[in-house]
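Input: a single structure, listed below in structure tokens.
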Amino acid sequence: MIDGNPGFAIEREIHLKKVKRALDNWREVALLVNSLLLWKKKFYPWLIVSVSSFIFVEIAYYNPSFLTSVGLILMTATLIDYAGPSVTAMIWKHEDWSGAKEREFEDMCRAVAGFIVQLKQIWISAMEIKVSRPYLYFAITITTSFTLAVIGNSVNNIFILFILTTAILLLPGMIHFGILQRYYAAALCYLANLLRSFNSSTCKTKVQ
1 MIDGNPGFAI
11 EREIHLKKVK
21 RALDNWREVA
31 LLVNSLLLWK
41 KKFYPWLIVS
51 VSSFIFVEIA
61 YYNPSFLTSV
71 GLILMTATLI
81 DYAGPSVTAM
91 IWKHEDWSGA
101 KEREFEDMCR
111 AVAGFIVQLK
121 QIWISAMEIK
131 VSRPYLYFAI
141 TITTSFTLAV
151 IGNSVNNIFI
161 LFILTTAILL
171 LPGMIHFGIL
181 QRYYAAALCY
191 LANLLRSFNS
201 STCKTKVQ
């Protein structure tokens, strides 16, 4: 397992310090976002879907150009980065920070750091395949790129972006409650049964 790898644990601790330092002025907001993404309340997944749907309906209605979208995103990010810490300091006092919140913040930062390390390891593995098995890497890359191009040309791009964004936002909660794991196990079981039945039918054909 990745978690049992000493190198993974060391690199995760390094990234943990960086994540905690980056989110230091946003601790209370980070806990709220963490609570939302992990579905700490039953209506949170519906809230995520509703907000995501509203935003993308607005985007589809106004249909801004690419440069306008980039400009609005950068402007919003700049305003949040500039005014956010001051606003959060007025809403949440430093004295309200407790040991329980610190532990929750630590767990959240550790999960984020672990995710970053896993992404880095996936990238390293992909580069290793590129060097050791270039034909396989080329085939996978070309097939994936062609599939994305076909899907992007056939389906509305805003709708695709809405599905991907909503799925990514719901993913932490699905993992937290074991929903994704159950579907993954069920899919593996179905594939195993399918292969088993295929092999048995092949054997019967050979016997006949």
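Residue numbering for the sequence shown follows UniProt numbering, beginning at 1 and increasing consecutively. Quick reminder that beta carbons are idealized off the backbone N, C-alpha and C, glycines included. This structure is a prediction, so every number in the text was calculated from the model and none was measured.
For this session: Please state whether DSSP places lysine 93 in a helix, a strand or coil.
Result: Indexing the sequence shown from 1 puts residue 93 at position 93. Note: lysine 93 maps to coil in three-state DSSP.
For this session: Give me the Cα-Cα distance between leucine 136 and leucine 191, rounded to the nearest whole angstrom.
Result: Position 136 of the sequence shown, counted from the start, is the residue given in the question as residue 136. Position 191 of the sequence shown, counted from the start, is the residue given in the question as residue 191. Roughly 23 Å between the two C-alpha positions.
Exercise. Hey, would you say asparagine 59 sits closer than 9 Å to isoleucine 168, going by beta carbons?
Worked result: As a first step, residue 59 must be located in the sequence shown, where it is residue number 59. As a first step, residue 168 must be located in the sequence shown, where it is residue number 168. In the sequence under discussion, the amino acid at residue 59 is isoleucine, which differs from the asparagine named in the question. No. Outside cutoff.
Exercise. Between the beta-carbon of residue 218 and the beta-carbon of phenylalanine 162, is there less than 9 Å?
Worked result: The structure shown does not extend to residue 218, since the chain spans only 1 to 208, so no value can be given for it.
For this session: Measure the C-alpha to C-alpha separation of lysine 40 and alanine 139 and round it to an integer number of angstroms.
Result: If you number the sequence shown from 1, residue 40 lands on position 40. If you number the sequence shown from 1, residue 139 lands on position 139. Computed Cα separation, rounded: 42 Å.
Problem set entry | Three-state secondary structure (DSSP) of proline 134 | Taking the first residue of the sequence shown as position 1, residue 134 is located at position 134. Residue state, collapsed to three classes: helix.
For this session: With a cut-off of 8 Å on the beta carbons, I'd call proline 172 and leucine 37 a contact; round off their distance for me.
Result: Locating residue 172 in the sequence shown gives position 172, where the first residue counts as 1. Locating residue 37 in the sequence shown gives position 37, where the first residue counts as 1. Indeed they touch by this definition, with Cβ atoms about 4 Å apart.
Exercise. Is the stretch 117 to 130 touching the stretch 6 to 14, taking contact as three or more C-beta pairs under 8 Å?
Worked result: The stretch 117 to 130, when compared against the stretch 6 to 14, does touch it at the 8 Å Cβ threshold.
Problem set entry | Cβ-heavy atom distance, glutamate 28 to the ligand ATP, below 8 Å | Looking for the ligand ATP in the displayed structure turns up nothing, as the structure carries no ligands at all.
For this session: Report buried or exposed for leucine 170, applying the criterion of at least 16 other Cβ atoms within 10 angstroms of its Cβ.
Result: Locating residue 170 in the sequence shown gives position 170, where the first residue counts as 1. The residue is buried, with at least 16 neighbouring Cβ atoms inside 10 Å.
Exercise. Hey, quick one: how far does the alpha helix (DSSP H) through residue 258 stretch, first residue to last?
Worked result: Given that the chain is displayed from residue 1 to residue 208, the structure contains no residue 258 and the question cannot be resolved.
Problem set entry | Touching by the beta-carbon criterion (3+ pairs, under 8 Å), the stretch 75 to 89 and the stretch 24 to 33 | yes
For this session: Look up tryptophan 39 in the DSSP assignment and say whether it is helix, strand or coil.
Result: By one-based count along the sequence shown, residue 39 stands at place 39. Three-state result, tryptophan 39: coil.
Exercise. Who are the near neighbours of lysine 130 in its chain, counting only those whose CB is closer than 8 Å to its CB and skipping five residues on each side?
Worked result: Numbered from its first residue, the sequence shown carries residue 130 at position 130. Contacts found: Tyr137.
For this session: Please work out which residues of its chain come closer than 8 Å, Cβ to Cβ, to glutamate 104, disregarding the five sequence neighbours upstream and downstream, and give them in chain order.
Result: Taking the first residue of the sequence shown as 1, we reach residue 104 at position 104. Answer for glutamate 104: Leu31 and Asn34, listed in chain order.
Problem set entry | Cβ neighbours of glutamine 181 in the same chain (closer than 8 Å, five flanking residues each side left out) | Counting from 1 along the sequence shown, the entry for residue 181 is found at position 181. For glutamine 181, where only same-chain residues beyond five positions count, the Cβ hits under 8 Å are Ile175.
For this session: Tell me whether valine 49 is buried or exposed, calling it buried when 16 or more other Cβ atoms sit within 10 Å of its Cβ.
Result: As a position in the sequence shown, residue 49 is number 49, starting the count at 1. Looking at its Cβ environment, which holds fewer than 16 other Cβ atoms inside 10 Å, valine 49 is exposed.
Exercise. Along the chain, where does the alpha helix (DSSP H) that runs through valine 155 open and close?
Worked result: Along the sequence shown, read from residue 1 onward, the residue named residue 155 stands at position 155. For valine 155, no alpha helix (DSSP H) run applies, since DSSP gives it neither H nor E.
Exercise. Is the beta carbon of phenylalanine 54 less than 9 Å from the beta carbon of threonine 165?
Worked result: In the sequence shown, the residue the question calls residue 54 occupies position 54. In the sequence shown, the residue the question calls residue 165 occupies position 165. Result no, Cβ atoms of phenylalanine 54 and threonine 165 do not sit closer than 9 Å.
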